[in-house]
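A.B. asks:
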Amino acid sequence: MSDSVETQVPAVPALEARGLGLSWDDGAHMVAEDIDLHVSAGEVVCLVGRSGCGKTTILHALAGLTQPVTGRVLLNGADVTGVPGRVSYMLQKDLLLRNLRIVDNASLPLVLSGVPREEARARANELFAQFGLEGTQELWPSQLSGGMKQRAAFLRTYLMGNDVVLLDEPFSALDAITRQELRTWYVRMAAELHVASLVITHDVDEAVSLASRVMVLAGRPSEGKPSRLVGEVLVDRAQDAGDFSLTHAYVDAKREIMTLLG
Amino acid sequence: MLSSMLHDAKRIWVPAVTMGVLLVVWELVVRVGLVPNFLLPSPTQVVAAFIEDFPLLMGHAVATLGEAALGLVIGVAVGFVAAVLMDRFELVGLALDPLITLSQTVPTVAIAPLLVLWFGYGILPKVLLVALTTFFPITVSLFSGFKSVDKDLIDLMRTMRATEGQIFWHVKLPAAAEEFFSGLRISATYAIVGAVIAEWLGGFSGLGVYMTRVRKSFGYDRMFACIALISICSLGLMRLVDLAEYLCLPWKRAERK
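Protein chains in written order, with this note's numbering: chain U, 700 to 961; chain C, 12 to 268.
1) Tell me, to the nearest whole angstrom, how far the beta carbon of U:L721 is from that of U:G751; I am working on the premise that it is less than 8 Å.
2) What is the rounded straight-line gap between the Cα of C:Y132 and the Cα of C:K263?
3) Pick out whichever of C:V41, C:P54 and C:S15 has its Cα sitting closest to the Cα of C:G31.
4) Determine, using beta carbons only, whether U:A716 comes closer than 8 Å to chain C.
5) Taking C-beta pairs closer than 8 Å, name the residues in chain C that U:G784 reaches, listed in chain order.
6) Which same chain residues, not among the five before or five after U:A716, have their C-beta less than 7 Å away from its C-beta?
7) Chain C beta carbons: is any one of them nearer than 8 Å to that of U:M859?
8) Thinking C-beta only, is U:L714 closer than 8 Å to U:L873?
9) With 16 as the cutoff for other CB atoms within 10 Å, does U:S703 come out buried or exposed?
10) Can you list, in chain order, the residues of its chain whose CB lies under 8 Å from that of U:L784, leaving out five sequence neighbours each side?
11) In three-state DSSP terms, what is C:Y132?
12) Once DSSP output is grouped into helix, strand and coil, what is the label at U:S750?
13) Residues in the segment 150 to 170 of chain C with C-beta within 9 Å of chain U's C-beta atoms, listed in sequence order?
14) Tell me the rounded alpha-carbon separation between C:L107 and C:L246.
15) Counting Cβ pairs, one atom from each stretch, are 3 or more of them under 8 Å apart for the segment 83 to 101 of chain C and the segment 139 to 158 of chain C?
16) Under 8 Å, do U:G781 and U:Q766 count as touching if we go by C-beta distance?
17) So with Cβ pairs under 8 Å, would you call U:Q653 a contact of chain C?
18) Identify the contact partners of C:V182 in chain U, using a Cβ-Cβ distance below 8 Å as the criterion.
19) Taking the DSSP output, what are the residues bridged to U:A716?
20) Under 8 Å by Cβ, that's how I've got C:E78 and C:V127 pegged, so tell me the actual separation to the nearest angstrom.
21) Given C:Y201, which residues of its chain have a CB within under 6 Å of its CB, disregarding the five upstream and five downstream residues?
22) Just checking: is the beta-carbon of U:P808 within a distance shorter than 8 Å of some beta-carbon in chain C?
23) Mind checking whether U:F870 and U:E905 have CB atoms under 8 Å apart?
24) If you draw a straight line from the alpha carbon of C:M97 to that of C:I111, how long is it in whole angstroms?
25) Can you give me the C-alpha to C-alpha distance between C:L135 and C:Y221, rounded to a whole angstrom?
26) Under 7 Å Cβ to Cβ from C:N48, same chain only, skipping five residues before and after it: list those, please.
27) Please identify, using Cβ separations under 9 Å, the residues of the segment 761 to 789 of chain U that lie next to chain C, in order along the chain.
28) For C:A265, would you say it is in contact with chain U, using Cβ-to-Cβ distances shorter than 8 Å as the test?
29) Between the segment 249 to 262 of chain C and the segment 67 to 83 of chain C, are three or more C-beta pairs nearer than 8 Å?
30) Evaluate U:H759 with the Cβ neighbour count: other Cβ atoms within 10 Å of its Cβ, from every protein chain shown; 16 or more gives buried, anything less gives exposed.
31) Would you say U:Q836 reaches chain C, if we count a Cβ-Cβ gap shorter than 8 Å as a contact?
32) From which residue to which residue does the beta strand (DSSP E) around U:L928 run?
33) Evaluate the contact criterion for the segment 181 to 188 of chain C versus the segment 788 to 802 of chain U: three or more CB pairs, one atom per stretch, below 8 Å.
34) If you follow the beta strand (DSSP E) that C:S114 is in, where does it begin and where does it stop?
35) Beta carbons nearer than 7 Å to chain C: which residues of the segment 816 to 849 of chain U have them?
36) Measuring only the C-alpha atoms, how far is C:F130 from C:G213?
Next up, the structure:
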């Protein structure tokens with residue numbers, strides 16, 4: 700592992716950002732500059748940075764919710780800059796609609812795309828066991844624990860039907876044990892479903908626990924210093940048999956990221 | 012379990028006893044002559060007047076409730092459309108906000124005679140006055156409900172390629188539902204009061220017309236009976252709103268548990 704490691708990039712990554720420059724106020728005040736990143740199918744990549752360095756702003760641009768000042772966002776090689784709805788996006792809050800039962804929350808993306816409600820419910824139902832949600836179909840969000848709500852939000856994200864998933868600190872609102880359980884579960888699910896995941900977090904432990912590759916973002920946009928990617932750390936998960944957080948690979952990766960963060 | 016049942020029972024018997032004590036004190040005050048009977052009838056006299064005039068009161072109550080209900084429906088419809096437009100188009104919000112606030116600073120008793128003057132003694136001025144007084148709580152509560160929607164939720168819907176209509180239907184409308192019912196509860200009470208005030212100033216039937224007549228003949232027991240009926244009507248309308256809320260927002264029942 701080292702920073703600025705040469706990584707093998709597939710011919711066409713699932714998600715790619717080229718030279719992204721982002722601003723909060725139409726270019727007058729840059730938040731991030733020269734952001735180049737790529738995520739391949741089945742890969743979990745983390746973008747780590749301090750709070751306020753513009754991680755969410757980058758994710759918004761990748762999701763097509765905002766237009767970058769410079770650069771492009773490519774999805775399987777196609778330019779989708781500023782076009783929402785092409786990648787799945789999950790935020791740190793579960794954002795389940797409290798007026799919909801869990802099965803209706805999960806199947807909402809299908810309903811929105813025109814699938815009849817009953818068919819959408821049936822399709823979501825098939826996945827409840829796989830997502831550890833069996834028996835919760837007809838419950839309201841208020842009747843679920845934080846971890847279960849997050850699983851339901853993951854199912855909804857999956858049913859958006861995109862092969863790229865952006866996650867904005869998806870586990871931060873959970874207690875430590877649930878967080879760890881869900882991280883392990885997510886890594887397995889992402890590989891099983893072969894989706895490309897880009898996770899942003901300020902938690903270095905979370906980044907090392909989840910990702911096979913961690914990109915480090917540094918800068919202080921509020922002080923006029925736009926954030927940039929300052930390095931990339933590969934996480935060697937070959938030893939991921941027992942408790943990965945107790946391995947040398949985990950500690951080394953964490954140390955390297957901390958050094959890059961300054 | 013037992014303590015919860017006791018707590019529930021307390022919610023009923025404490026106000027019931029308070030009301031009972033007040034009625035007994037009122038009855039005694041009148042009976043011993045602390046207040047002259049021609050100025051203040053006793054509760055038993057009011058009940059007797061209520062029973063005696065029951066058919067007449069019911070006839071007038073039907074007229075008042077009809078005006079209140081029609082005015083409320085129009086007020087809710089206008090309030091709903093205004094709130095949706097204000098939320099959807101910023102310019103409409105800026106344009107309507109002062110007008111809507113201004114409309115509530117005009118006293119109902121001042122505008123009612125004008126409406127009677129313009130639209131006569133029929134049902135129209137009453138319905139208009141009710142609509143005018145009831146749309147405001149609806150507009151304000153709905154608009155604030157629409158604005159309370161988490162921005163992240165809107166972004167999430169956009170990433171699911173939701174149209175503006177779908178965002179409104181799936182997110183904004185349910186988010187504003189609770190505040191809408193709070194506004195509707197206030198509007199329901201305003202509706203009865205508005206109709207009665209409009210009837211005071213002219214008309215052929217309704218509890219306001221009945222009150223004016225009995226006041227002129229110094230029938231204060233009948234007047235109190237009418238006031239009691241107005242309160243009962245308002246409470247009934249509020250209970251109907253509670254029932255509608257209970258049926259329309261099933262997720263709230265789960266949250267309470």
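Note that beta-carbon positions come from the ideal geometry of N, C-alpha and C, so glycine has one too.
C.D. replies: With the given structure in hand:
1) Not a contact, Cβ separation roughly 14 Å.
2) Roughly 44 Å between the two C-alpha positions.
3) C:P54
4) no
5) R169, T170, M171 and R172
6) I734, D735, L736, L761, G770 and V772
7) It does; some Cβ of chain C falls within 8 Å.
8) No; because the gap between Cβ atoms is not below 8 Å, this pair is not in contact.
9) Low per-residue confidence applies at U:S703: pLDDT is 43, beneath 50, and the placement is therefore not dependable, though the value from the model is reported in the following sentence. Label assigned to U:S703: exposed.
10) The sequence as given places Gly at residue 784 of chain U; Leu does not occur at that position. So the qualifying residues of the chain are G763.
11) DSSP places C:Y132 in the coil class of the three-state scheme, outside both helix and strand.
12) coil
13) D161, D163, L164, D166, L167, M168, R169 and T170
14) 32 Å
15) yes
16) Yes, they are a contact pair.
17) Residue 653 of chain U lies beyond the stretch modelled for chain U, which goes from 700 to 961, so this question has no answer here.
18) L796
19) U:L736 and U:V772
20) Going by Cβ atoms, the distance from C:E78 to C:V127 rounds to 13 Å, so no, they are not a contact pair.
21) T144 and T145
22) Yes, contact with chain C.
23) In this structure, U:E905 lies closer than 8 Å to U:F870 by Cβ.
24) 11 Å
25) The straight-line gap from Cα to Cα measures roughly 19 Å.
26) Within the same chain, Cβ atoms closer than 7 Å to the Cβ of C:N48 are found at V41, the five residues on either side in sequence being excluded.
27) A762, G763, L764, P783, G784, R785, V786, S787, Y788 and M789
28) yes
29) Between the segment 249 to 262 of chain C and the segment 67 to 83 of chain C there are fewer than three C-beta pairs closer than 8 Å, too few to call the two in contact.
30) The residue in question, U:H759, is buried, as its Cβ has 16 or more Cβ neighbours within 10 Å.
31) no
32) Start and end: K924 to L933.
33) yes
34) Premise fails: C:S114 lies in the alpha helix (DSSP H), E101 to T116, not in any beta strand (DSSP E).
35) W839, S841 and Q842
36) 11 Å
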